[in-house]
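The sequence shown begins at 5 in my numbering and counts up one residue at a time. The beta carbon of each residue, even a glycine, is placed where N, CA and C say it ideally should be. Beneath this line is the structure, given in structure tokens, with notes to follow.
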Amino acid sequence: MRSLATVLEELLNERETPIEEVMARHFAPDYRQRTDGVWSGWSEVARNLAGIRTMIRSVRVDLLNEFVGGYDYADRHLLTVEMQDGTRQTRESYVFGTFAQDGRFERIEEVTLVDPVHSTRE
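Written out as structure tokens, the structure reads:
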């Protein structure tokens, strides 16, 4: 079983490795994700992450709470995102998910809040 914080670090900051390779390590082939009410499959998530990588300079992940119980997973984390244009955002996410039998994520449901107070330009 894996921590989503570690997965996010690899997906968003390990840019020399293709998204599909990082995702294959951490997500089952039938992976589905619901973010703010919208469902996406594995390939759509990969496309979205590839696009995000082009828009950001770096991401810091701070894991605030995490629970793993059998195949169930939950966490609350903060992402501090530095965009290519120098702006920064803080995003707080609440995540509930399940693992496949092989330990990779099978499903994640996430709600994300963007904190406008912490959005700045340097």
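Practice task
For Gly41, count neighbouring C-beta atoms within 10 Å of its own C-beta (all shown protein chains included) and say buried if the count is 16 or more, exposed if not.
Solution key: Answer is exposed; the Cβ neighbour count stays below 16.
By alpha-carbon positions, which one of Phe109, Gly107, Phe103 and Pro22 ends up nearest to Gly55? Gly55 has its Cα closest to that of Pro22, out of Phe109, Gly107, Phe103 and Pro22.
Sorted by chain position, which residues of the same chain lie with C-beta nearer than 7 Å to Thr62's C-beta, five sequence neighbours on each side aside? It is Ser, not Thr, that sits at residue 62 in the sequence shown. Contacts found: Asn17 and Glu86.
Requested in this report: Helix, strand or coil for Thr58, going by three-state DSSP, please let me know.
Outcome: Taken through DSSP and simplified to helix, strand or coil, Thr58 comes out as helix.
According to the Cβ coordinates, are Thr39 and Glu96 closer than 7 Å? Going by C-beta atoms, Thr39 is not nearer than 7 Å to Glu96.
Gln93: which of Phe31, His30 and Met59 sits nearest, CA to CA?
Answer by Cα proximity: Met59.
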